[in-house]
Every structure is written in structure tokens, then in C-alpha cells.
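Engineer: Residue 1 is where the sequence shown starts when you use the UniProt record's numbering, and the numbers rise one by one after that. Think of the CB as a built atom: it goes at the ideal place given N, C-alpha and C, for glycine as much as any other residue. Below you will find the structure I want to go over with you.
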Amino acid sequence: MTKISKTKYCRPTSDEINEIINATEKWIGILEAWRSDVGYNYSVESITDKDQLEHVMIEFILEIYTIHARQEYSPSSLMNCIRLLSVYILKHPQGTMKFNFGNRQEFAQLWEALNGKMKQLKKKELIFMWCCLLFQHHGGVDGNSDALIIPVPPDTEGHQGPVHDFKFYFSKRPFINKEAKGKNYM
């Protein structure tokens, strides 16, 4: 018996279906709000040219931020966005053309832009790795050993390296008054 035949499938619950519907409506709302902000006066469903639709979606992916904090969406949120909007456009009853964003050959530029955006977002998470390396107790308990000392290299011209990552990380943290914390502040 194969592994596939051992797998048991079940119908989605009404809660799961409602979550998908709500997520789709959320991303459609974000797309519509973005379209009105940038001045597009037509609906995405009315686009009949694949290249125009791809261009609009690339702009959307590269420019959207969360409304409240003006932060970028996570890579998984962007991937969910593309998948949900693809199903919406593919199955929308008033849509004149049926496009599938899941086709990576047909929408190669969209997937390249999405891949680049996701890599950029992942790179911003590197600050946590640098902080872990920097704030570890290198040199042993007594500090006499010089083993495992990892220097932070300077940023090269035109490249945002670890120093930029540190500055970005600390710019997002609230100011802490060390004197108010007392002597036990680390």
C-alpha cells in the first residue's frame, strides 16, 4: 500500500472556509485601497492583458505595507496574498480573462519580484543572527580566551552589511534610560 493511499482526507470545516474567505476579502481590500492610492481607476478584474496585470501585481507586491505600523508584510503573507488573489482572479465571475499567478513561466517577472522582495525581507531578519553572535559570551567564563571571537566586519561601499543591520535594529527599539533602571541594568 502506498503512502498516498494511507493518507486520510477530510472536508474543510466551515471555520476553515470562513478563514479563507476572510483572508481573500482582506487582500482584495488591501489591493483595492492600494489601487485607489496610486491612482488606478480600473478594477483588477477588468484587466485583459497579461503583461499589464503582471505589472500592476509587481507594483503592488513591492509597495504594500501594513496600515497601522507601516511595516512590510512577512514573506509568508506575501505568498498567501499572491495565492489568494490568483484564485480570486481565476474564479471571479466578472473577470474577462482567467489568469493564474501560480504559473511561474507565464508570470516569471512577478515571481522574480516576489522572490527578490522575500529575500530582502529575510535579509532584514539577519540582525538577530548578528546580535546573537555579538552578545554571546565569547572568550570563556573568565574572558581570558580569545577563541570564538567573531568580529563584525564594516559595511562595504554601496552594500548594506551588518553595521547597517545593527543601526536599523536599534532604530526600531525604544530608548531605554539606563539611569532609571538602576545598577542592575544590563
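Rounded to whole angstroms, how far is the Cβ of Trp27 from the Cβ of Leu84, which I believe are closer than 8 Å?
Structural biologist: The Cβ separation is near 5 Å, so the contact holds.
Engineer: For Gly102, which residues from the same chain have a beta carbon less than 6 Å from its beta carbon, with the 5 sequence-adjacent residues on both sides left out?
Structural biologist: Contacts found: Ser86.
Engineer: Looking at the structure shown, is Tyr88 part of a helix, part of a strand, or coil, going by DSSP?
Structural biologist: Correct three-state label for Tyr88: helix.
Engineer: Entirely within the region 12-95 and at least 3 residues each: give me those beta strand (DSSP E) ranges in chain order.
Structural biologist: Qualifying beta strand (DSSP E) stretches: none in this window.
Engineer: Whole angstroms are fine: how far does the CA of Glu16 sit from the CA of Lys172?
Structural biologist: C-alpha separation (whole angstroms): 35 Å.
Engineer: With Gln120 as the anchor, note down where its alpha helix (DSSP H) starts and where it stops.
Structural biologist: Where Gln120 is concerned, the enclosing alpha helix (DSSP H) stretches over Ala108 to Lys124.
Engineer: Could you give the distance in angstroms between the alpha-carbon of Pro75 and the alpha-carbon of Tyr65?
Structural biologist: About 12 Å.
Engineer: If you run the structure through DSSP and keep just helix, strand and coil, what is Lys8?
Structural biologist: Reduced to three states, the DSSP call for Lys8 is coil.
Engineer: Please classify Lys172: does DSSP put it in a helix, a strand, or coil?
Structural biologist: Note: Lys172 maps to coil in three-state DSSP.
Engineer: For Leu31, which residues of its own chain have a beta-carbon under 7 Å away from its beta-carbon, when the five flanking residues on both sides are left out?
Structural biologist: Within the same chain, Leu31 has close Cβ partners Val44, Phe60 and Leu85.
Engineer: Using a 10 Å radius around the Cβ and a threshold of 16 neighbouring Cβ atoms, would you call Val56 buried or exposed?
Structural biologist: Buried, because 16 or more other Cβ atoms sit within 10 Å of the Cβ of Val56.
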